[in-house]
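If you read the protein sequences in the order shown, they are chains A and B.
Under this note's numbering, the first residue of the first sequence carries the number 1, and numbering increases by one thereafter.
Under this note's numbering, the first residue of the second sequence carries the number 1, and numbering increases by one thereafter.
Just so you know, even glycine gets a beta-carbon here, dropped at the ideal spot from N, CA and C.
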Amino acid sequence: LSPPPPPSAEDDRRTGKVNRSTSMKRWRILVAEDNYISQKVILKQLNKLGYCADAVQNGVEALAALDTIPYHLVLMDCQMPEMDGYQATAEIIRRQSEGALKHNTCTPVIAFTAHAFVDDMQRCKNAGMRDYICKPVKSEHLRDILTRWLPHQSCTLGQPSTPSSAPPPLPSA
Amino acid sequence: ERRVFSIVQRCISSSLLMSEVDSELLDVSIFGQLEELQDETQPDFVEEVITLYLETSEEKLNEMEAMLENKDLDELTKSAHSLKGSSANIGAVKVVKLCADLKTLSENEDYQGCKQCLEDTKEQFRLVKEHLQDIMKKNKEKRES
Numbered sequence: 001l002s003p004p005p006p007p008s009a010e011d012d013r014r015t016g017k018v019n020r021s022t023s024m025k026r027w028r029i030l031v032a033e034d035n036y037i038s039q040k041v042i043l044k045q046l047n048k049l050g051y052c053a054d055a056v057q058n059g060v061e062a063l064a065a066l067d068t069i070p071y072h073l074v075l076m077d078c079q080m081p082e083m084d085g086y087q088a089t090a091e092i093i094r095r096q097s098e099g100a101l102k103h104n105t106c107t108p109v110i111a112f113t114a115h116a117f118v119d120d121m122q123r124c125k126n127a128g129m130r131d132y133i134c135k136p137v138k139s140e141h142l143r144d145i146l147t148r149w150l151p152h153q154s155c156t157l158g159q160p161s162t163p164s165s166a167p168p169p170l171p172s173a
Numbered sequence: 001e002r003r004v005f006s007i008v009q010r011c012i013s014s015s016l017l018m019s020e021v022d023s024e025l026l027d028v029s030i031f032g033q034l035e036e037l038q039d040e041t042q043p044d045f046v047e048e049v050i051t052l053y054l055e056t057s058e059e060k061l062n063e064m065e066a067m068l069e070n071k072d073l074d075e076l077t078k079s080a081h082s083l084k085g086s087s088a089n090i091g092a093v094k095v096v097k098l099c100a101d102l103k104t105l106s107e108n109e110d111y112q113g114c115k116q117c118l119e120d121t122k123e124q125f126r127l128v129k130e131h132l133q134d135i136m137k138k139n140k141e142k143r144e145s
């Protein structure tokens, strides 16, 4: 399969308000984050690391984006208005299991959270998040997490993303 | 040659910027990362983030004042969460902690506690704001010299 086409104005219209980094790189990440400064910083980090990234502001917008645009990975803030990251992730997992997310059949969701307590980690795990990143995140650590979870075969959006080696499970409570 | 010169110039100005940071007010490692992100595609990235932070934070603090007056603690919690997130990106760790405390107090409906905590947050933000403005001013002077 060839890499996805660059995001278009039509994508923007379908997904509503989408903040887009200017890079047109190989991997495409969806960031769900309601804080505009956090968005600005993470998009810049992703861009510098070589990723293409779109940002939305809540779980509802994330679901709308995943419905129509193929992504390799989702970075999901846990606390957002309208629909938080836990609810959105649970819904993503549900739709994936029913085959309802045709463009994101196995796209992994990684928690992007301000919290690092064990209870929060358990909650992320219960919602179906595959890993977590505490913000603000160092670019090197961000790169390591993304490298672990992004597909290593040639760009095959919509196909299962298998980490290059089995990552450790999220810590249990 | 011009490109090499501009890279060198940027490296010098970056290290000069970092030397101005007061570690009592800003986490040097977090703030330093903003500098590392600045590049030729966004040469004013740090200034943009600082400016955005200062503008939005003033708004949030004013909002929280009004919410406390109106005893609208649900909205106060949301605003504290927002300011906490922004402050974390800048490295204003004491503001982050105060916002976290404010959220807890608000969720526990401790009105008096919220009032005191908000005052403390405003004071800490004032110190951070002065320092950030000082950093930007010194940075500008060095770039122009």
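Practice task
Answer yes or no: does any C-beta atom of chain A fall closer than 7 Å to that of Lys129 of chain B?
Solution key: no
Exercise for the section: Leaving out five residues on either side along the sequence, give the residues of the same chain with a beta carbon under 7 Å from the beta carbon of Tyr86 of chain A. Expected result: Cys78, Arg123, Ala127
Problem - Top-ranked residue by Cα proximity to Glu55 of chain B, from B:Asp44, B:Ser87, B:Glu69, B:Glu24 - result: Measuring from the Cα of Glu55 of chain B, the nearest candidate turns out to be B:Ser87.
Practice task
Count the CB pairs spanning the segment 61-70 of chain A and the segment 35-42 of chain A that are closer than 8 Å, and state whether there are at least three.
Solution key: No: the two stretches stay apart, fewer than three of their Cβ pairs being nearer than 8 Å.
Practice task
With 9 Å as the C-beta to C-beta threshold (strictly closer), list the residues of the segment 64-87 of chain A near chain B in chain order.
Solution key: Asp77, Gln79, Pro81
Problem - At least 3 beta-carbon pairs within less than 8 Å: the segment 122-130 of chain B vs the segment 99-106 of chain B - result: no
Exercise for the section: Compare the C-beta of Asn89 of chain B with all C-beta atoms of chain A and state if any pair is closer than 7 Å. Expected result: yes
Practice task
Using a Cβ cut-off of 7 Å (strictly closer), state whether Asn35 of chain A contacts chain B.
Solution key: yes
Handout entry: Same chain, Cβ closer than 7 Å to Phe125 of chain B, five either side skipped, listed in chain order
Key = Ser57, Leu61, Val95
Handout entry: Cβ shell of Ile93 of chain A (< 7 Å), same chain only, five flanking positions each side left out
Key = Gly128
Exercise for the section: State the Cα-Cα distance for the pair Thr22 of chain A and Gln112 of chain B, rounded to the nearest angstrom. Expected result: Confidence in Thr22 of chain A is poor, its pLDDT being 45 and thus under 50, which makes the residue's placement unreliable; the coordinate value appears in the next sentence. Cα-Cα distance, rounded: 47 Å.
Exercise for the section: For Phe45 of chain B, name the three-state secondary structure that DSSP assigns. Expected result: helix
Problem - Selection of the segment 105-117 of chain A by Cβ proximity to chain B, strictly under 8 Å - result: Listed by position along the chain: Ala114.
Practice task
Whole angstroms is fine: what's the gap from Gly59 of chain A's alpha carbon to Leu101 of chain A's?
Solution key: 15 Å
Practice task
Sort out for me which residues DSSP pairs Val56 of chain A with in a bridge.
Solution key: A:Ala32
Practice task
Return the residues of the segment 50-61 of chain A that lie within a Cβ-Cβ distance of less than 9 Å from chain B, sorted by chain order.
Solution key: none
Problem - Between the CA atoms of Arg143 of chain A and Lys122 of chain B - distance to the nearest angstrom - result: 35 Å
Handout entry: Short CB-CB distance (under 7 Å) between Pro151 of chain A and chain B
Key = no
Practice task
Step through the CB atoms of chain B and report whether any lies within less than 7 Å of the CB of Thr162 of chain A.
Solution key: Low per-residue confidence applies at Thr162 of chain A: pLDDT is 44, beneath 50, and the placement is therefore not dependable enough to give any value.
Exercise for the section: Decide if Lys48 of chain A is buried, meaning its Cβ has at least 16 other Cβ atoms within 10 Å, or exposed. Expected result: buried
Exercise for the section: Find the nearest neighbour of Lys84 of chain B within the set B:Glu75, B:Leu73, B:Leu98, judged by alpha-carbon distance. Expected result: The option with the nearest alpha carbon to Lys84 of chain B is B:Leu98.
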